[in-house]
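A.B. asks: The working numbering applies: residue 2 is where the sequence shown begins, and numbers increase by one. Got a structure for you, written out below as structure tokens; questions coming shortly.
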Amino acid sequence: MPKYLIKANYNADGARGLLKEGGTARQNTVRKLVEGIGGTMELFYYAFGDVDAYIIVDVPHQTDGLALTLAVNASGAVRLTTVQLIAPEEIDVASKRSVAYRAPGA
């Protein structure tokens, strides 16, 4: 299953909703959302700084991750940035493949 790091940023409406329902309630809502598309939520942490929450999920297909991101971003209360994570074993496979690349100017 593809694994994603999701970075969530709440706007003012999203922050008000978070204040109203609390952190664990929002975490449970996100877990149910991910499970509803056949995935699992590995972790969910709130943070200080330029990102409000970090979430790691596994979903069955890349299109499931895209559907999740589109649905949440369409709400207008939260803006997600999604990064597909790559396992070390996938790097092992990729490093053994030959690619015909020529550097610019070479």
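Note that beta-carbon positions come from the ideal geometry of N, C-alpha and C, so glycine has one too. Remember, predicted model here, so these are calculated numbers, not experimental data.
Between which two residues does the alpha helix (DSSP H) containing LYS21 stretch?
C.D. replies: 13-22
A.B. asks: Pull up the distance between the alpha-carbon of GLU91 and that of SER99, whole angstroms please.
C.D. replies: 15 angstroms
A.B. asks: Which of helix, strand or coil does DSSP assign to ILE38?
C.D. replies: coil
A.B. asks: Compute the Euclidean distance between the alpha carbons of ALA54 and ASN10, then round it to the nearest angstrom.
C.D. replies: 7 angstroms
A.B. asks: Measure the Cβ-Cβ separation of LYS97 and ILE57 and say whether it is below 9 angstroms.
C.D. replies: Contact flag unset, no.
A.B. asks: Pull up the DSSP beta-bridge partners for ASN10, would you.
C.D. replies: ARG80
A.B. asks: My output table needs one value for ILE87: the three-state DSSP class, helix, strand or coil.
C.D. replies: It is coil, neither helix nor strand.
A.B. asks: Measure how close the beta-carbons of LEU81 and LEU34 come, nearest whole angstrom, since I'm counting them as under 8 angstroms.
C.D. replies: So it is not a contact: roughly 11 angstroms between Cβ atoms.
A.B. asks: Nearest-angstrom Cα distance between GLY15 and ALA78?
C.D. replies: 4 angstroms
A.B. asks: Over what stretch of residues does the beta strand (DSSP E) that includes ALA54 continue unbroken?
C.D. replies: 54-59
A.B. asks: Give every residue of the same chain whose Cβ lies closer than 7 angstroms to the Cβ of ASN74, excluding the five residues on either side of it in the sequence, and list them in chain order.
C.D. replies: ARG80, LEU81
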